[in-house]
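Worksheet for the structure shown next.
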Amino acid sequence: MTSRPRILDLFSCAGGAAMGYHRAGFAVDGCDIADRPRYPFAYHRGDALEYLARLIETGAIGEYALVHASPPCQAGCGLTVGTNQSQGWGGAHTDLVAPTRELLDASGLPYVIEQPNGRAAIRKDLTLCGEMFGLRVLRHRNFELGRWATAKPAHPRHRGYVRGHRHGVRREGPYVAAYGKGGGKATVPEMQHAMGITWTDVHTELTEAIPPAYTQWIGTAFLTARQGVLA
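Counting from 1 along the sequence shown, just add 2 to a position and that's the residue number in my numbering.
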């Protein structure tokens, strides 16, 4: 029986990205600074960058085939630099994208950095959307690929609006808003169903999650490219 290649899932939250990589064929190890009792795979609680630096220093990083990182996105996400900034809401946020990339480059491994739409300073090598996978969320996410590449999938036309209130207007549509509360935004069961996440029912974890379909696609693309190199 062939063992699964291992992936390190940094800033893992509750495991939306992890589940996709698992379904693609990886063994997954997660790391997050918060307690994540619902994380469905092996898990290390601690500072993700300190943990990565220690793995590099000890050479244990060599056990992995790929690293995925989803550093906190509040500094550059669309909501922070858009509505919140214009209204004077929220506070200062630390941008961890650059230090994350620096360590990932030092690891010598292929990697994936994920961020939402906004001003996060990453290359948009891939942009994935729920409509690509028949999901009931749009949840656009951008991915920078380090030391490997794959073709960008076509971005299909959206079929309508996201249900809920926006700028004082109530709209109906085929998608639900998997963030915030009130104003027609998705309930916990709706978010679970829309994103294909069943192992957590914590609202904040669901609002931060990547639909597993995204990373299943990425993981499959990586393994296909890797096989082509090895062939």
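Heads up, the beta-carbon is just placed ideally off N, CA and C, and yes, glycines get one too.
Under the three-state reduction of DSSP output, V139 falls in the coil class, being neither helix nor strand.
For N119, DSSP assigns no beta-bridge partner whatsoever. Scanning its chain for C-beta atoms nearer than 6 Å, with the 5 sequence neighbours on each side dropped, one finds around A223 the residues T152, in chain order. DSSP, reduced to helix, strand and coil, places Y181 outside both helices and strands of the structure shown, so it counts as coil. With a minimum length of 4 residues, the unbroken runs of alpha helix (DSSP H) contained wholly in the region 202–228 fall at 205–210. Below 8 Å, too few C-beta pairs join the region 23–33 and the region 197–207 to call them touching: fewer than three. With respect to the C-alpha of V139, the residue from C15, A16, E192, A36 having the closest C-alpha is E192. Residues of the same chain with a CB within less than 8 Å of the CB of L106, apart from the 5 flanking positions on each side, are L54, V69, A71, Y113, I115, G148 in chain order. Under the Cβ criterion (8 Å, minimum of three pairs), the region 173–187 counts as touching the region 127–139. D107: member of the alpha helix (DSSP H) spanning 99–109, first to last residue. With fewer than 16 other Cβ atoms from the protein chains shown falling within 10 Å of its own Cβ, L232 counts as exposed. A20 is classed as buried because its beta carbon has at least 16 other beta carbons within 10 Å across all chains shown. The shortest C-alpha to C-alpha distance from P7 to any of A29, C15, F13, Q218 is the one to A29. For the set C75, I124, E59, P213, the Cα lying nearest the Cα of H195 is the one of P213. The beta carbons of R173 and G184 sit no closer together than 8 Å.
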